[in-house]
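Have a look at the structure below, then the notes.
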Amino acid sequence: MPIHTQDYRHWEGTFIRQKYRRWWVIAKAELKLLAQRKIVRLIVAIPPIIYVLTYGILIYIHNILPEQLSTFITIDNGFFQKFLFSLSTFPTAPLIALVVIFGGSGLISNDLKHNVLSLYLSKPISWMDYLIGKFIVIGVLLVCMTLIPGLLLYLEHVLLTDTPFFKKYFWVPFSIILYSAIIIVTTGLLMLLFSSLTKNSMYAIIGFSSVWFGLPVIHAILSEILSTSKVALVSIWANIDRLGRALFGMESGYDVHWFWTILILSAVSSFCIFILRQRIRAVEIVK
Numbered sequence: 001m002p003i004h005t006q007d008y009r010h011w012e013g014t015f016i017r018q019k020y021r022r023w024w025v026i027a028k029a030e031l032k033l034l035a036q037r038k039i040v041r042l043i044v045a046i047p048p049i050i051y052v053l054t055y056g057i058l059i060y061i062h063n064i065l066p067e068q069l070s071t072f073i074t075i076d077n078g079f080f081q082k083f084l085f086s087l088s089t090f091p092t093a094p095l096i097a098l099v100v101i102f103g104g105s106g107l108i109s110n111d112l113k114h115n116v117l118s119l120y121l122s123k124p125i126s127w128m129d130y131l132i133g134k135f136i137v138i139g140v141l142l143v144c145m146t147l148i149p150g151l152l153l154y155l156e157h158v159l160l161t162d163t164p165f166f167k168k169y170f171w172v173p174f175s176i177i178l179y180s181a182i183i184i185v186t187t188g189l190l191m192l193l194f195s196s197l198t199k200n201s202m203y204a205i206i207g208f209s210s211v212w213f214g215l216p217v218i219h220a221i222l223s224e225i226l227s228t229s230k231v232a233l234v235s236i237w238a239n240i241d242r243l244g245r246a247l248f249g250m251e252s253g254y255d256v257h258w259f260w261t262i263l264i265l266s267a268v269s270s271f272c273i274f275i276l277r278q279r280i281r282a283v284e285i286v287k
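Start counting the sequence shown at 1; every next residue gets the next number (the numbering used here).
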């Protein structure tokens with residue numbers, strides 16, 4: 001009588017590829033790691049919370065005591081643009097850098113340091129899945145600082161003020177969404193670029209800071225020497241600010257058309273993606 005073994009049976013099911021799960025697994029793992037670091041939680045969370053509460057209190061005071069403080073606090077389209085990205089009063093550029101640096105400087109550099117990147121790519125994960133997963137981490141942090149608070153502040157003012165404000169500025173939420181996306185994409189890709197160029201997260205921080213804080217210094221020097229605002233194109237801050245003024249219907253303040261800022265920011269983002277692809281693919285090809 002023949003003996004039939006049951007050592008192996010061929011699986012006859014259908015494999016369903018759910019691509020979103022690939023990058024989401026990476027993003028979820030990185031967010032858990034960040035949440036476990038107390039110093040990161042404090043540095044990334046507390047300053048933005050204080051900043052958002054400050055603007056929320058200003059809106060509340062403006063609506064409670066409008067006559068006394070109407071000359072000091074103006075709630076209009078420019079108020080929300082300055083909340084998202086301001087170069088004066090309450091500058092947000094350093095806060096954005098703080099969140100991006102502590103949340104994203106080690107995302108790729110630590111993987112390169114510990115040879116984890118090759119382990120990722122040995123799985124059915126493409127370089128794009130890996131990049132999206134890492135970018136989502138920075139995106140989540142910046143969304144909690146820009147998009148969500150911006151929409152909540154707008155909603156707060158709409159609920160506290162009269163209906164004419166909503167009729168006049170009903171389009172502001174769309175500007176908040178688009179402007180937040182521009183800030184997140186530009187800063188997130190720039191941080192990931194420098195994180196991919198080194199195995200030491202400190203060098204990634206230095207590289208990002210040199211561009212993020214160094215170019216505005218060069219812009220200020222050139223503005224004094226040449227006495228023109230056209231040199232704003234060399235500064236990422238100025239490009240983001242110029243585009244924000246256009247999105248929120250404000251006066252330009254620069255002798256540069258917003259179309260050029262779109263080209264520059266698009267070129268910066270495309271360059272970052274190109275270099276990131278080369279760095280990640282270099283490991284994927286060798287495997």
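Just so it is clear, CB atoms sit at the ideal spot from N, CA and C, and this is done for glycine as well.
Since the structure is predicted, the reported quantities are computational estimates derived from the model, not experimental observations.
For S126, name the three-state secondary structure that DSSP assigns.
On the sequence shown, residue 126 is found 126 positions in, with the first residue counted as 1. S126: coil per DSSP, three-state reduction.
Just how far apart, CA to CA, sit Y277 and S126?
Locating residue 277 in the sequence shown gives position 277, counting from the first residue. Locating residue 126 in the sequence shown gives position 126, counting from the first residue. Reading off the sequence, residue 277 comes out as Arg, not Tyr. Cα-Cα distance, rounded: 10 Å.
Enclosing alpha helix (DSSP H) for G214 [first to last residue]
The residue given as residue 214 occupies position 214 in the sequence shown. Here the alpha helix (DSSP H) through G214 covers G214 to L226.
When the distance is taken between beta carbons, is C272 closer than 8 Å to L151?
In the sequence shown, residue 151 corresponds to position 151, counting from 1. In the sequence shown, residue 272 corresponds to position 272, counting from 1. No, these two residues do not count as a Cβ contact at 8 Å.
Flag this pair as touching only if the stretch 101-118 and the stretch 23-42 have three or more C-beta atom pairs under 8 Å; answer yes or no.
yes
Going by beta carbon distance, what residues of the same chain come within less than 6 Å of I275, once the five residues before and after it are set aside?
Counted from its first residue, the sequence shown places residue 275 at position 275. Once the five neighbours on either side are set aside, the close Cβ partners of I275 are L193.
Count the C-beta pairs between the stretch 228-247 and the stretch 52-65 that are closer than 8 Å, then say yes if the count reaches three, no if not.
no
Look at the Cβ atom of V143, then the Cβ atom of L31, and state whether they are nearer than 8 Å.
By one-based count along the sequence shown, residue 143 stands at place 143. By one-based count along the sequence shown, residue 31 stands at place 31. The answer is no: Cβ separation not under 8 Å.
F274 - DSSP class collapsed to helix/strand/coil
To locate residue 274, count along the sequence shown from 1; it is residue 274. Reduced to three states, the DSSP call for F274 is helix.
Beta-carbon contacts of S175 that lie in its chain and below 6 Å, excluding the five residues immediately before and after:
Within the sequence shown, numbered from 1, the residue matching residue 175 stands at position 175. So the list reads L247 and F248, once near-sequence residues are dropped.
DSSP state of D241 mapped onto helix, strand, coil:
Looking up residue 241 in the sequence shown gives position 241. Three-state DSSP puts D241 in a helix.
Pop quiz: L107 and S195 are said to be a contact at Cβ under 8 Å. What is the actual Cβ separation, rounded to whole angstroms?
Here residue 107 is taken as the residue at index 107 of the sequence shown, counted from 1. Here residue 195 is taken as the residue at index 195 of the sequence shown, counted from 1. Indeed, because the Cβ distance is near 5 Å, the residues count as touching under 8 Å.
What separation, rounded to the nearest whole angstrom, lies between the Cα atoms of I218 and I46?
Counting from one through the sequence shown, the residue named residue 218 turns up at place 218. Counting from one through the sequence shown, the residue named residue 46 turns up at place 46. Approximately 30 Å between the Cα atoms of the pair.
For N110, which three-state DSSP category applies?
Position 110 of the sequence shown, counted from the first residue, corresponds to residue 110. Looking at N110 - three-state DSSP - the assignment turns out to be helix.
Alpha-carbon to alpha-carbon, F85 and R279
Residue 279 sits at position 279 when you count from the first residue of the sequence shown. Residue 85 sits at position 85 when you count from the first residue of the sequence shown. If you take the alpha carbons of R279 and F85, they lie about 31 Å apart.
Look at S118 and S201 and say whether their C-beta atoms are less than 8 Å apart.
The sequence position of residue 118 within the sequence shown is 118, counting from 1. The sequence position of residue 201 within the sequence shown is 201, counting from 1. It is not a contact, given that the beta carbons lie outside the stated cut-off.
Considering only the alpha carbon of each residue, which of Y169, P216, D241 and L243 lies closest to D76?
Here the question's residue 76 lines up with position 76 in the sequence shown. Cα-wise, what sits closest to D76 is Y169.
Mind checking K167: buried by the 16 CB within 10 Å criterion, or exposed?
Start at 1 with the first residue of the sequence shown, and residue 167 comes out as number 167. The residue is exposed, with fewer than 16 neighbouring Cβ atoms inside 10 Å.
Here's a check: name, in chain order, each residue in its chain whose Cβ is nearer than 8 Å to the Cβ of L178, leaving out the five neighbours to either side.
Locating residue 178 in the sequence shown gives position 178, counting from the first residue. Taken in chain order, the residues that qualify are L247.
Nearest-angstrom Cβ-Cβ length linking R245 and E251, presumed shorter than 8 Å:
Sequence index remark: in the sequence shown, residue 245 carries index 245 (1-based). Sequence index remark: in the sequence shown, residue 251 carries index 251 (1-based). Rounded, the Cβ-Cβ distance is 7 Å, consistent with contact.
Give the secondary structure of S88 by DSSP, where H, G and I count as helix, E and B as strand, and everything else as coil.
Mapped onto the sequence shown, residue 88 falls at position 88. Coil, per DSSP.
C-beta contact flag for I236 and L215 at 8 Å:
For the purposes of this step, residue 236 is taken as the residue at position 236 of the sequence shown. For the purposes of this step, residue 215 is taken as the residue at position 215 of the sequence shown. Contact flag set, yes.
Determine the contact status of L189 and S88, defining contact as a CB-CB distance below 8 Å.
Position 189 of the sequence shown, counted from the first residue, corresponds to residue 189. Position 88 of the sequence shown, counted from the first residue, corresponds to residue 88. No. Outside cutoff.
Residues in its own chain within less than 7 Å of V52 by CB, not counting five upstream and five downstream?
On the sequence shown, residue 52 is found 52 positions in, with the first residue counted as 1. Once the five neighbours on either side are set aside, the close Cβ partners of V52 are P149.
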